[in-house]
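S.K.:
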Amino acid sequence: MNSSPPEICPVCGHEVPANAKACPECGADGAHGWGEDDMMGGLDLPDDDFDYEGFVKREFGSGVRPKGIKTIWWVTALILMIAVAAVFIL
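Below, the structure is given as structure tokens:
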């Protein structure tokens, strides 16, 4: 398409040498387009009206997480600490 590359790659923003056939950083080239339209072409980005809160609720549910550590885990930790202490004392 273009015979000479742009000074700054419109895809990644890095400097492109004057005689380069492609950007040394991202690989964008004249054959596939230096244009800024290609800047986000390969990314699967959500639309501007994307509902992030709705997405989180659909993916992770809206249930409330339990707070703190359940009593059973405190009891288990205490029993393990007593067992380890008994091994070292005996």
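Using my numbering, read the sequence shown as starting at -19 and increasing by one per residue. A virtual CB, placed ideally from N, CA and C, is assigned to each residue, including glycine.
1. Quick check: residue 8 and residue -9, are their CB atoms within less than 7 Å of each other?
2. Taking DSSP's pairing of strands, which residues face residue 2 in a bridge?
3. Would you mind giving the Cβ-Cβ distance between residue 12 and residue 5, rounded to the nearest angstrom? I have them listed as a contact below 8 Å.
4. On the three-state DSSP scale, how would you describe residue -12?
M.R.: Walking through what the data contain:
1. Against a cut-off of 7 Å, the Cβ pair of residue -9 and residue 8 comes out as a contact.
2. Residue pairing from DSSP places residue 2 in a beta bridge opposite 9.
3. At roughly 15 Å, the Cβ-Cβ gap does not stay under 8 Å, so residue 12 and residue 5 are not in contact.
4. strand
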